[in-house]
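Asks: Here it is: the structure, laid out below.
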Amino acid sequence: MRLEDLCQPRRIDTIKWKTPLLVPSFSSRGIPNLRKIHQDLREHATEASLVSAYDIYNNHLDEDAIYCSDILFIDSGGFEVEKRSDLADLYNFSEQHPKEWSKGHYLEVVGRLQPLCSIVVVSYDKRTSISEQIENAKTFFAKIQMKNAVPG
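According to numbering that gives the first Met the number 0, the sequence shown is numbered sequentially starting from 0.
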């Protein structure tokens, strides 16, 4: 599936994945040596996995190695830069001051994705009302479509 196809509104009648689906998630928040952990565990995450675009952008993961699952969820990176406390913070492994992260950075990562597996791109999210999140998602995916449109 091409990147611009990922962002098209669509109805999914049938999928080959049975739910509930356990999705191993890999995040640098609270986890030291994420690259090594992903390298060691990716062979066990063949059905599904979730990685953060923030971690791809900041080289916490080997970008070529993220396509280890049949379905790959790309998260927007908000969790990694969020300033609210989380259980992961108890381990005190988180970056004390997360690197700069923006919607532009996320769009850059999404633009580099390769169609090597089924990919689910999560909209760039911030804590707002549901209706605002929906509108923001529509705008976000429209930007991806425009950016990847092939001149005709």
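Cβ coordinates follow ideal geometry from the N, Cα and C atoms, glycine included.
1. What residue range is occupied by the uninterrupted beta strand (DSSP E) comprising V50?
2. Does the distance from the C-beta atom of E46 to that of D69 stay below 7 Å?
3. Measure the alpha-carbon distance for Y123 versus Y53 and round it to whole angstroms.
4. Assuming L20 is part of the beta strand (DSSP E), what are its boundary residues?
5. Per DSSP, L71 is paired with what?
6. Starting from H104 and walking both ways along the alpha helix (DSSP H), at which residues does that stretch end?
7. Quick check on E131: buried or exposed, where buried means 16 or more other Cβ atoms within 10 Å of its Cβ?
8. Going by DSSP in three states, K82 sits in which element: helix, strand or coil?
9. Report all residues from its chain with a CB closer than 8 Å to the CB of Q38; omit the five preceding and five following residues, and keep chain order.
10. From P23, S27, C67 and S26, pick the residue whose C-alpha is nearest to that of C116; which is it?
11. In angstroms, rounded to a whole number, what distance separates the CA positions of I73 and V22?
12. So, helix, strand or coil for G77, using DSSP?
13. Skipping 5 residues on each side, what residues in its chain have a beta carbon closer than 7 Å to that of A136?
14. In or out: E134 buried (at least 16 other Cβ within 10 Å) or exposed?
Replies: Let's see:
1. A47 to S51
2. yes
3. 11 Å
4. Per DSSP, L20 belongs to no beta strand (DSSP E) and is neither H nor E.
5. S48 and I118
6. K102 to R111
7. exposed
8. coil
9. D61 and A64
10. C67
11. 12 Å
12. helix
13. S122
14. exposed
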